[in-house]
Amino acid sequence: MASLLVVGADHLGHITDKLERSGFREIIHVSGRKVNMVRRDIPDHVDAILVMIDYVNHNLAKKVKEKAKSKDKPIYFAKRSWSSINAVLEQLEKHA
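Here the sequence shown is numbered in this note's numbering, starting from 2 and rising by one per residue.
Rendered as structure tokens:
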């Protein structure tokens with residue numbers, strides 16, 4: 002996979018580096034804190050979406066899921082811990 006949209010969390014810290022080592026060339030991060038983030042569209046070139054469930058509200062998670070489904074993009078949900086994200090990456094590799 003080339004690009005990943007990460008929704009949630011104020012700062013990703015070292016997660017960005019680990020995602021790059023996992024094979025993602027482009028990581029787009031949206032914190033989801035602002036109200037207008039719900040209206041923001043998913044870029045067409047994104048290959049998958051990762052939602053940090055412990056850092057977004059239910060409405061944003063629902064809207065991102067709906068937009069991902071309408072664009073036929075895979076969406077994954079994880080906590081902001083590397084073990085949770087790594088489990089999602091293993092799912093991604095199985096489906097690739």
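By construction, the Cβ of each residue, glycine as well, lies at the ideal position given by its N, Cα and C atoms.
- prompt: Does the distance from the CB of Ala10 to the CB of Met53 come in under 7 angstroms?
  reply: yes
task: Grab the span of the alpha helix (DSSP H) containing Ser32 for me, first residue to last.
output: Taken as a continuous stretch (DSSP letters only), Ser32 belongs to no alpha helix (DSSP H), as it is neither H nor E.
- request: Determine the burial state of Ala79: buried for a count of at least 16 other Cβ atoms within 10 Å of its Cβ, exposed for fewer.
  value: buried
Inter-stretch contact (C-beta, 8 angstroms, three-pair minimum) for the segment 14-25 and the segment 60-74: no
- prompt: What residue from Ala3, His15 and Leu6 has the CA that sits closest to Ser82's CA?
  reply: His15
Ala62 - DSSP class collapsed to helix/strand/coil: helix
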